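Residue numbers in the sequence shown follow full-length UniProt numbering, run continuously in steps of one, and reach 65 at the last position.
Every residue, glycine too, gets a C-beta built ideally from N, C-alpha and C.
Keep in mind that this is a model prediction, so the values were computed, not measured.
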Amino acid sequence: MGLSTTYVAPDRQGRGLGTRVVTALLDYLRENAPGSAYVSLAADVDRFYERFGFEDVALDSKGML
Numbered sequence: 001m002g003l004s005t006t007y008v009a010p011d012r013q014g015r016g017l018g019t020r021v022v023t024a025l026l027d028y029l030r031e032n033a034p035g036s037a038y039v040s041l042a043a044d045v046d047r048f049y050e051r052f053g054f055e056d057v058a059l060d061s062k063g064m065l
């Protein structure tokens, strides 16, 4: 299962839409995903995902263009 490139349009931000999407996704995963499942994300939204228990980690990789 995968979920990719999810965002809230700038003119719709600040209304709780992103929070509702992430909450629903995490609820679904808690109910249906195996215990060994994990969520990995790349985010450029400061402090948003921390509210859901995600932690910032430093990766041993580099991006290439």
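Using beta-carbon positions only, say whether residue i and residue j come within less than 7 angstroms of one another.
i	j	result
V22	F52	yes
Would you tell me roughly how many angstroms separate the C-alpha atoms of residue i and residue j, rounded to the nearest one?
i	j	result
Q13	D27	22 angstroms
E50	S61	22 angstroms
G63	Y7	21 angstroms
Y38	G16	24 angstroms
A43	T5	10 angstroms
E31	A24	11 angstroms
Taking the alpha-carbon of residue i as reference, which of the options has the nearest alpha-carbon?
i	options	result
T19	R47, A33 and L59	R47
With DSSP as the reference, label residue i as helix, strand or coil.
i	result
A24	helix
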